[in-house]
Ligand SMILES: *Cc1c(COP(=O)(O)O)cnc(C)c1O
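In my numbering, the protein residues as written are 2 to 410.
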């Protein structure tokens, strides 16, 4: 063991638990060899008592940090009242949460689901319904434009329009009606639009693809092109929403209000899966009873948790804190003297550090960070993603930066 490094997490209890997972679960992930048994704020702990800083935040689902006391309290209080009614009946939190989401997003209607992928599917169905009912596209001809390197989830329809071969391989046949264009390419968008185009589904920053940022003004111009051609702009803010990039929604950096906003992840406060499509009466107002649904969508426990998550976001100024801490973090990262880094990019607390190919992939850097008690995950081979909970303090940022500098040097 190198001096200063901790007891390796993979001894004793941890190793046994990892072995169980390896033996009894499908290997659809490749986790770092660490077992987490407790969390608080930006910190998590393994069974051996080692402490780590969580700089992944469950892919931005933990914007509020682990076990935010107000969110956990809301969960407990609601668990003592009623947890699930189904939408066959009303419950006392569903309406208030829908109103809160709409007011935050300056929209008129919302449709609650559970996972992010379900919300994306909901947005696709909404756009198609609008296409047939309002734009009068001929039956089964509706087209949605999507971008290369997109990540919108893992259902068969969604992976069908992925440009990532591994996401598609062995899972066909796929749903037709999607057209792929390069990201950050306005001419390609204009060229791809036909009279049957109903929507443009886009991430304001491509998180899973390696924190890929479009040029300033891309979304603004894309919104204009969409409006001119009567195409719905559908922003997937599942990862970028709720303060992650230093604005409530990432589209705000470009002054854009999309027709449909797809949210998930942090809406559940790091506690439960809660997702939604937020939009106008002209689109979401087209749904009639029986058109679409989800047994757990809008359940009382999720509503209570999401209400608390939104309240905490506003009252604890997490959006501004993300912008402030993010700017500081990025500045300090850029000051690190290293020749291994190709580029540092991001917004707010969604930051990617791209490693030069001649210095290997990002994975060994993440493993080294883990030895120094920082949990970060590579995304797309060359990029280390730093996306800590937005509640991170300046001192916690300094603690992390010191260790990151050590690993990059
Ligand atoms: C995580 C993510 C999804 C999928 O969300 P799940 O809850 O995993 O289904 C969709 N879009 C983006 C941009 C995401 O980051």
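We put the beta carbon where it would ideally sit given N, CA and C, even for glycine.
Remember, it's a predicted structure, so these values are computed and weren't measured experimentally.
### Query
What's the gap between the Cα of residue 338 and the Cα of residue 352?
By 1-based counting over the chain shown, the position of residue 338 is 337. By 1-based counting over the chain shown, the position of residue 352 is 351. Those two C-alpha atoms are separated by around 18 Å.
### Query
Is residue 235 near ligand 1, in the sense that its beta carbon is under 7 Å from a heavy atom of that ligand?
Mapped onto the chain shown, residue 235 falls at position 234. No, ligand 1 has no heavy atom inside 7 Å of this Cβ.
### Query
Is residue 67 near ligand 1, in the sense that its beta carbon is under 7 Å from a heavy atom of that ligand?
Along the chain shown, one-based indexing puts residue 67 at 66. Residue 67 Cβ: outside cutoff for every heavy atom of ligand 1.
### Query
When every heavy atom of ligand 1 is checked, does at least one fall within less than 7 Å of the C-beta of residue 30?
Here residue 30 is taken as the residue at index 29 of the chain shown, counted from 1. The answer is no for residue 30.
### Task
Using only alpha-carbon positions, find the residue among 152, 55, 59 and 221 that is nearest to residue 253.
The residue you call residue 253 lines up with position 252 of the chain shown. That would be 221, whose Cα lies nearest to the Cα of residue 253.
### Query
Quick one: does the C-beta of residue 250 sit closer than 7 Å to a heavy atom of ligand 1?
In the chain shown, counting from the first residue as 1, residue 250 sits at position 249. No, Cβ of residue 250 sits at least 7 Å from all heavy atoms of ligand 1.
### Query
Out of curiosity, what's the CA-to-CA distance linking residue 255 and residue 218?
Here residue 255 is taken as the residue at index 254 of the chain shown, counted from 1. Here residue 218 is taken as the residue at index 217 of the chain shown, counted from 1. Roughly 6 Å between the two C-alpha positions.
### Task
For residue 149, verify whether its CB is less than 7 Å away from any heavy atom of ligand 1.
Stepping through the chain shown from its first residue, residue 149 is reached at position 148. Outside the cutoff, so no.
### Query
Got a sec, what are the start and stop residues for the alpha helix (DSSP H) residue 133 sits in?
In the chain shown, the residue the question calls residue 133 occupies position 132. Where residue 133 is concerned, the enclosing alpha helix (DSSP H) stretches over 117–134.
### Query
Do residue 175 and residue 161 have their C-beta atoms closer together than 8 Å?
Mapped onto the chain shown, residue 175 falls at position 174. Mapped onto the chain shown, residue 161 falls at position 160. Yes, the Cβ-Cβ distance between residue 175 and residue 161 is below 8 Å.
### Query
ligand 1 heavy atoms versus the CB of residue 239: any closer than 7 Å?
Residue 239 sits at position 238 when you count from the first residue of the chain shown. True, at least one ligand heavy atom lies under 7 Å from that Cβ.
### Message
Following a CB-centred definition, is residue 126 positioned closer than 7 Å to any heavy atom of ligand 1?
### Response
The residue you call residue 126 lines up with position 125 of the chain shown. Outside the cutoff, so no.
### Message
On the CB-based measure, 16 or more other CB atoms within 10 Å of its CB, does residue 38 come out buried or exposed?
### Response
Residue numbering aside, residue 38 sits at position 37 when the chain shown is read from its first letter. Exposed.
### Near ligand 1: residue 441 beta-carbon under 7 Å from a heavy atom
Any property of residue 441 remains undetermined from this structure, which presents the chain solely from 2 to 410.
### Other residues of its chain near residue 20: CB distance less than 8 Å, five sequence neighbours each side excluded
For the purposes of this step, residue 20 is identified with residue 19 of the chain shown, where counting begins at 1. Nothing listed; no residue qualifies.
### Query
Between the Cα of residue 342 and the Cα atoms of 333, 110 and 354, which residue gives the shortest distance?
The residue given as residue 342 occupies position 341 in the chain shown. Closest option to residue 342, Cα to Cα, is 354.
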